[in-house]
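Here the protein sequences come in this chain order: S and E. So the first sequence is numbered by this note's numbering: it starts at 1 and just counts up by one. So the second sequence is numbered by this note's numbering: it starts at 1 and just counts up by one.
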Amino acid sequence: MGKTYQKPEALSDQHTHYCPGCTHGVIHRLIAEIIDELDIRGRCVGVAPVGCAVLAYNYFVFDFQEAAHGRAPAVATGIKRVRPDLFVFTYQGDGDLASIGMGEIIHAANRGEKFTSIFVNNAIYGMTGGQMAPTTMPGQHTTTSPFGRDVEDVGMPLKMAELLAALQTPAYITRQAVIKPKYIVKAKKAIKKAFTYQLEKRCFSFVELISTCPTNWAMTPNESVKWAEDTLLSYYELGEYKTPESLSGGANAK
Amino acid sequence: MGKKVLMKGNEAIGEAAIRAGCLNYFAYPITPQSEVAEYLSHRMPEVGGVFLQAESEVAVAYMIYGAAGAGARVFTTSSSPGISLMSEGLSYIAGAQLPAVFVNIVRGGPGLGGILPSQGDYFQATKGGGHGDYHLLVMAPESVQEAADMMMRAFPLAEKYRNPVIILGDGLIGQMMEPVEFHDHLRTDPVNNNHWATNGMQFRNSSKPNIVKSLFLDPDELNENNLILKAKYERMKKEDILFEPYNMDGPYQKLIVSYGTMSRVCKTAIDNLKVKGIEVGMIRPQTLFPFPETAVFEAAAKESCKAVISIELSMGQMVEDVQRCVQGLRPVHWYGECGGNVPTPEKVMDVVTSL
Ligand SMILES: Cc1ncc(C[n+]2csc(CCOP(=O)(O)OP(=O)(O)O)c2C)c(N)n1
Ligand code: SF4
Ligand SMILES: [Mg+2]
């Protein structure tokens, strides 16, 4: 019998700083497994966000750049434009991508930049201690919405996958979850698809991942999984919002 | 050596970058330098380079960061409000020790200001702009030819120091047409950057990842990084100060310090005064950081010299550096105008003789 479990080569030996029950680690592992499977570690450049994953470069074994808060898509654009032979992905939280970096992600997606964005939606600002995110749920308590998110005051949570799917150029837009094994299996398939599309030189690909932040949700890991499944998944519907096949015309043949 | 062509400053800057061996350009339009982007939008495809009009100057700065981080030669051009937006990125680029070239065709400020020539971004370029302990290497051309030459020299300098270099021009340098020659000998090859660039492990035959970053959570590590940066700035002061002495041999009583467009007017004033038998000397800094500190001090210390004046298209920015260098040895004055009015030689003559 062969080995049934081993650490992907693309993952380093370092212990992560993530809290118990946090899904950032799960996502790192999926990315590393896929990079091994596609054998692209030697030409891979990751772009880290500012957020809990700011130190992501310590946990992978391939080249990495650390962007300023929200600017990862611009950094990735710079890398990919001057070195189209590199494989490039951004890894971004919801504050990073859907708030301060909204301009960069929309324009990179709309230009059809040939990189992939992994979007970690945990409905909160994890790193800075649990402030409200653009993806925070109505009524959700955070340190800057102590009475619960008031949608009359600050609007409804942003649905990034739907928003980007409204653009004509991107090739692949999907929302998955990493809160339970059954979702994780699907999430891995989606990330692999997104990476493969990039290797096929299709336009921009985007994978939103519904995640947990037990620490700042003030829940146990088990409670977070349940809350994410009950509350987040009923608002953030999982599925493929756009595939290269659904693109009309020759937009993806760019 | 190439032949002389008549070109607008902005176009010459774009062409000089290509001649220097830089084929990657990201930018966002803004007056008075949009001609660079317009020019490169057809020139870059011609030479197989990268041209991208970004969504904002904020994005431009990070495209530069990404491209430079991946080991490519890259540059951008903008004007004052755009440089303000890029300043966050400049801080990250300096912190991560990436070589890149920025051009600021300065216009009047603050705020939206005006679109005419100005030198109001001296502080921003030489003292900061973005946050944290860093400096840019700042070069200031006085003509289209010098802008082209500085552009070509900027890339090897950026690579020598792994630090951003900025060319501080002004609306006049960008807009005027002058004969220009692109010197082949200024063309250089990028230095090997396999030890730090994220250019893909397999392409440099390495199993060690390269990380481009400016985050150092450990206080000792950050201190260490900033000491490395400081050492570079000290080295710039030793090796890369550039200035032009003008009419410095005679027994001048007044010393002008002036740069860029303003210094050209001063040269005419100095020539006119000389005809009248009045000797005035000038130091024209070509690098504003590193600043020609010793040259200014020694020029002011000359026995015949009674007064020093900083003449600039701003409300008095470089004058602070001049005062610093003169060390109280002579009175230091300031004269300048803003808003796009460039003082005439006659006005400069009046100001200098009335000191
Ligand atoms: C320009 C700037 N503004 C604010 C911050 C502070 N900051 C760091 S991380 C962060 C939010 C991170 O939240 P998210 O992107 O959701 O990532 P998470 O930690 O939840 O994974 C903020 C506001 C910063 N570093 N830079
Ligand atoms: S704060 Fe939240 S997102 Fe950050 S590591 Fe902890 S659980 Fe994960
Ligand atoms: Mg978050």
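Heads up, the beta-carbon is just placed ideally off N, CA and C, and yes, glycines get one too. As the structure is a computational prediction, the values presented were derived from the model and not from experiment.
query, result
"Does ligand 2 have a heavy atom nearer than 7 angstroms to the CB of S:T215?", "yes"
"At a CB-CB cut-off below 8 angstroms, which residues of chain S make contact with E:M63?", "A74, V75, T77, G78 and R81"
"Please classify E:F300 as buried or exposed, where buried requires at least 16 other C-beta atoms within 10 Å of its C-beta.", "Residue identity check: residue 300 of chain E is Ala in the sequence provided, not Phe. When all chains shown are included, E:A300 counts as buried."
"Please check the pair E:V326 and E:V308, which I expect to be a contact at CB under 8 angstroms, by giving their CB distance rounded to whole angstroms.", "6 angstroms"
"Please state the DSSP three-state secondary structure of S:A123.", "coil"
"Measure the C-alpha to C-alpha separation of S:V120 and E:I256 and round it to an integer number of angstroms.", "58 angstroms"
"By the three-class DSSP mapping on this structure, what secondary structure does E:G89 have?", "helix"
"I need the straight-line Cα distance from S:G249 to S:Q168, nearest angstrom please.", "Low per-residue confidence applies at S:G249: pLDDT is 44, beneath 50, and the placement is therefore not dependable, though the value from the model is reported in the following sentence. One C-alpha to the other measures close to 10 angstroms."
"Nearest to S:R29 by CA position, among S:A48, S:H17, S:F60 and S:V47, is which residue?", "S:F60"
"Please tell me whether E:S56 has its Cβ less than 8 angstroms away from any Cβ of chain S.", "yes"
"Relative to the C-alpha of E:G114, which candidate in E:S79, E:A140 and E:G128 has its C-alpha closest?", "E:S79"
"Select from the region 98-110 of chain S all residues with a C-beta closer than 7 angstroms to any C-beta belonging to chain E, and list them in chain order.", "G103, E104 and H107"
"With a CB to CB cut of under 6 angstroms and the five nearest residues on each side skipped, what residues in its chain are close to S:T77?", "A108 and E113"
"Does the beta-carbon of E:T287 have 16 or more other beta-carbons within 10 angstroms, so that it is buried, or is it exposed?", "buried"
"Out of S:A161, S:E152 and S:D150, state which residue places its alpha-carbon closest to the alpha-carbon of S:K242.", "S:A161"
"What separation, rounded to the nearest whole angstrom, lies between the Cα atoms of S:C213 and E:D121?", "44 angstroms"
"Exposed or buried, which one is E:L273 when buried takes at least 16 other CB atoms within 10 Å?", "buried"
"Nearest-angstrom Cα distance between S:C19 and S:M102?", "27 angstroms"
"Quick one: does S:Q14 have its CB under 8 angstroms from some CB of chain E?", "no"
"By DSSP, does E:F243 sit in helix, in strand, or in coil?", "strand"
"S:A218: buried (16+ other C-beta within 10 angstroms of its C-beta) or exposed?", "exposed"
"Given E:M7, which residues of its chain have a CB within under 6 angstroms of its CB, disregarding the five upstream and five downstream residues?", "V180"
"For S:A48, name the three-state secondary structure that DSSP assigns.", "strand"
"Quick one: measure Cβ to Cβ for S:V47 and S:A32, integer angstroms, because I've assumed they're closer than 8 angstroms.", "Between S:A32 and S:V47 the Cβ distance is about 16 angstroms, and since that is not below 8 angstroms, they are no contact."
"Which runs of the beta strand (DSSP E) fall wholly inside the region 161-205 of chain S and span at least 3 residues, in chain order?", "172-177"
"With hydrogens ignored, establish whether the beta-carbon of E:D121 is closer than 7 angstroms to any heavy atom of ligand 3.", "no"
"Given that S:Y57 touches chain E, what residues does it touch there, using C-beta distances under 8 angstroms?", "P209, I211 and K213"
"S:G250 CB to nearest chain E CB: under 8 angstroms?", "Here S:G250 scores only 42 on pLDDT, less than 50, and its place in the model should not be relied on; the value that follows carries that caveat. With 8 angstroms as the cut-off, S:G250 does not count as an interface residue toward chain E."
"What runs of the alpha helix (DSSP H), each 4 residues or longer, lie entirely inside the region 257-295 of chain E?", "260-275"
"For ligand 3, is there any heavy atom lying closer than 7 angstroms to the beta carbon of S:G95?", "yes"
"Express the C-alpha separation of S:I179 and S:T23 in angstroms, rounding to a whole number.", "7 angstroms"
"Identify the contact partners of E:M201 in chain S, using a Cβ-Cβ distance below 9 angstroms as the criterion.", "R41, G42, R43, C44, V61, F62 and D63"
"Any heavy atom of ligand 2 inside 7 angstroms of the beta-carbon of S:N291?", "Shown here, chain S extends from 1 to 254; a query on residue 291 of chain S therefore has no answer."
"Alpha carbon to alpha carbon, what distance is there between E:K208 and E:F216?", "20 angstroms"
"From the DSSP output, in three-state form, read off E:E303 for me.", "coil"
"Please state the DSSP three-state secondary structure of E:L313.", "coil"
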